[in-house]
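Student: Before we start, here is the structure in question, set down as structure tokens.
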Ligand code: BGC
């Protein structure tokens with residue numbers, strides 16, 4: 003409940019959700035963080051707040067509709083589109099775009115938004131799929147169709163020249179959601195191509211790699227299972243990836259992002275430890291799911307704040323200090339961390355108490371997976 007309150011507290015009246023109120027670089031609303039947070043609001047029964055977020059995204063997308071349409075047109079005409087001219091990953095809380103050299107070309111957030119909106123519309127009793135919202139879904143769907151397999155920055159806002167597995171997962175989830183919302187199977191064709199790309203590298207290696215340029219693991223590939231359902235929780239390449247992720251990325255019982263990460267010394271992230279728990283909850287391993295939830299629970303401070311990452315200072319003081327000098331201490335209260343804690347608590351409650359016993363009892367009759375996509 004404190005985490006739900008934290009998300010609500012970090013939401014502006016207009017619906018924007020700030021990534022972190024205490025860390026200067028995070029005073030923006032990212033589609034990625036915000037869309038996971040809106041899903042957490044829905045599972046907690048806070049549908050009105052989630053609706054406000056989705057309306058805020060709709061308006062922000064509407065404001066940049068010319069940018070999106072132009073990027074799509076140039077792409078199909080065979081022209082390069084510079085990363086700085088692409089739709090952004092983050093907006094000001096007012097919903098405007100800041101061109102400040104931030105690596106903004108990250109398509110995953112658009113996929114995550116479509117997925118989260120789909121979940122909202124299916125779970126909120128009074129949710130309305132208005133014509134304006136439908137237009138925004140179609141535009142973002144066309145954007146994802148065009149750029150699904152194009153290299154772009156990843157979910158950690160790095161490595162802009164690669165195609166990233168967790169980005170593909172978000173794009174897949176978004177396209178499947180768009181197909182369901184618009185009742186239009188055209189989006190499933192690209193979703194199938196995305197799924198085939200992921201499956202190909204999975205079968206080449208026997209696990210899922212970080213990206214087209216890096217065969218090591220990345221904890222964000224856990225989202226291939228929940229929430230984007232590119233593969234099944236029991237898929238053998240996924241379970242192998244889970245073991246490798248746990249072996250290579252565990253720090254003090256939580257999960258780091260990827261092996262060579264140096265951001266704030268690369269501590270363990272509640273977002274990722276909760277993602278691991280979410281996988282275990284669907285895979286039927288209630289004990290490990292609970293262990294992940296408890297690990298996150300132990301990271302709250304006395305005031306109920308939950309930070310971005312823990313232990314980087316002890317793991318790699320040199321890099322921790324470099325970031326400290328540049329930006330001050332890491333986010334002490336990250337909205338997305340709270341969101342993932344709520345989501346995992348809900349997944350555990352549903353997994354152990356039957357399909358109608360999640361955090362909010364309003365989610366009956368919703369399916370987690372959406373339409374089937376064959377490759
Ligand atoms: C993370 C992103 C996140 C952003 C805001 C960055 O450090 O790599 O995944 O969206 O912070 O929380």
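Residue numbers (the working numbering): 3 to 377. In this text, a Cβ means the ideal position worked out from N, Cα and C, and glycines have one as well. Treat the numbers as computed from the prediction; the structure is a model and nothing was measured.
(1) I'd like to check one pair, residue 336 with residue 28: are the Cβ atoms closer than 9 Å?
(2) Can you tell me the Cβ-Cβ gap for residue 269 and residue 313, rounded? I've got them flagged as a contact below 8 Å.
(3) Going residue by residue through the region 175-257, where are the continuous alpha helix (DSSP H) segments of at least 4 residues, counting only ones entirely within it?
(4) Given residue 333, which residues of its chain have a CB within under 7 Å of its CB, disregarding the five upstream and five downstream residues?
(5) With which residues is residue 271 paired in a DSSP beta bridge?
(6) Hey, how far is the Cα of residue 340 from the Cα of residue 142?
(7) Below 9 Å between beta carbons: does that hold for residue 109 and residue 169?
(8) With the cut-off set at 9 Å, would you say residue 37 and residue 118 are in Cβ contact?
(9) Take residue 242 and list the residues in its own chain whose beta-carbon comes closer than 8 Å to its own, dropping the five residues that flank it on each side.
(10) What does residue 13 pair with, by DSSP beta-bridge criteria?
(11) Given residue 364, which residues of its chain have a CB within under 7 Å of its CB, disregarding the five upstream and five downstream residues?
(12) What residues in its chain sit with their C-beta under 6 Å from that of residue 8, if we drop five residues either side in the sequence?
(13) Are there any heavy atoms of the ligand BGC lying less than 8 Å away from the beta-carbon of residue 28, as far as the coordinates show?
(14) Quick one: is residue 133 buried, meaning 16 or more other Cβ sit within 10 Å of its Cβ, or exposed?
(15) Any heavy atom of the ligand BGC inside 8 Å of the beta-carbon of residue 42?
(16) Taking all protein chains shown into account, do 16 or more other C-beta atoms lie within 10 angstroms of the C-beta of residue 202, making it buried, or fewer, making it exposed?
(17) Quick check on residue 131: does DSSP put it in helix, strand or coil?
(18) Mapping DSSP to helix, strand and coil, what is residue 297?
(19) Starting from residue 24 and walking both ways along the alpha helix (DSSP H), at which residues does that stretch end?
(20) I want to check one thing, is the minimum distance from the CB of residue 35 to the heavy atoms of the ligand BGC below 8 Å?
Tutor: Quick look at the numbers:
(1) Looking up residue 28 in the chain shown gives position 26. Looking up residue 336 in the chain shown gives position 334. In this structure, residue 336 lies closer than 9 Å to residue 28 by Cβ.
(2) By one-based count along the chain shown, residue 269 stands at place 267. By one-based count along the chain shown, residue 313 stands at place 311. Correct: roughly 4 Å between the Cβ atoms.
(3) Every unbroken stretch of the alpha helix (DSSP H) spanning 4 or more residues and falling wholly within the region 175-257 is given here in chain order: 188-207, 238-251.
(4) If you number the chain shown from 1, residue 333 lands on position 331. Excluding sequence positions up to five before and after residue 333, its CB lies within less than 7 Å of the CB of 22, 24, 25, 28, 309, 310, all in the same chain and listed in chain order.
(5) Taking the first residue of the chain shown as 1, we reach residue 271 at position 269. In the DSSP assignment, residue 271 is bridged to 257.
(6) One-based indexing of the chain shown puts residue 340 at position 338. One-based indexing of the chain shown puts residue 142 at position 140. When rounded, the distance between both Cα atoms is 27 Å.
(7) To locate residue 109, count along the chain shown from 1; it is residue 107. To locate residue 169, count along the chain shown from 1; it is residue 167. Inclusion of residue 109 and residue 169 in the CB contact set at 9 Å is warranted, their separation being smaller than that value.
(8) Translated into positions along the chain shown, residue 37 becomes position 35. Translated into positions along the chain shown, residue 118 becomes position 116. A contact, by the Cβ cut-off of 9 Å.
(9) By 1-based counting over the chain shown, the position of residue 242 is 240. 208, 209, listed in sequence order.
(10) Residue 13 sits at position 11 when you count from the first residue of the chain shown. Residue pairing by DSSP puts residue 13 in a beta bridge opposite 19.
(11) Your numbering for residue 364 matches position 362 in the chain shown. Because residue 364 carries a pLDDT of 39, less than 50, the predicted location of this residue cannot be relied on, and no value is offered for it.
(12) The residue given as residue 8 occupies position 6 in the chain shown. Excluding five sequence positions before and after residue 8, the CB atoms of its chain that fall closer than 6 Å to its own CB belong to 340, given in chain order.
(13) In the chain shown, the residue the question calls residue 28 occupies position 26. Yes, the beta carbon of residue 28 sits closer than 8 Å to at least one heavy atom of the ligand BGC.
(14) By 1-based counting over the chain shown, the position of residue 133 is 131. Exposed is the call here.
(15) As a working note, residue 42 is residue 40 in the chain shown. No.
(16) Within the chain shown, numbered from 1, the residue matching residue 202 stands at position 200. Exposed.
(17) As a position in the chain shown, residue 131 is number 129, starting the count at 1. Reduced to three states, the DSSP call for residue 131 is coil.
(18) One-based indexing of the chain shown puts residue 297 at position 295. The DSSP-derived three-state label of residue 297 is helix.
(19) To locate residue 24, count along the chain shown from 1; it is residue 22. In this chain, residue 24 is not harboured by any alpha helix (DSSP H), its DSSP state being neither H nor E.
(20) The count along the chain shown starts at 1 and reaches residue 35 at position 33. Inclusion of residue 35 in the 8 Å shell around the ligand BGC follows from its C-beta lying nearer than that to a non-hydrogen atom of the ligand.
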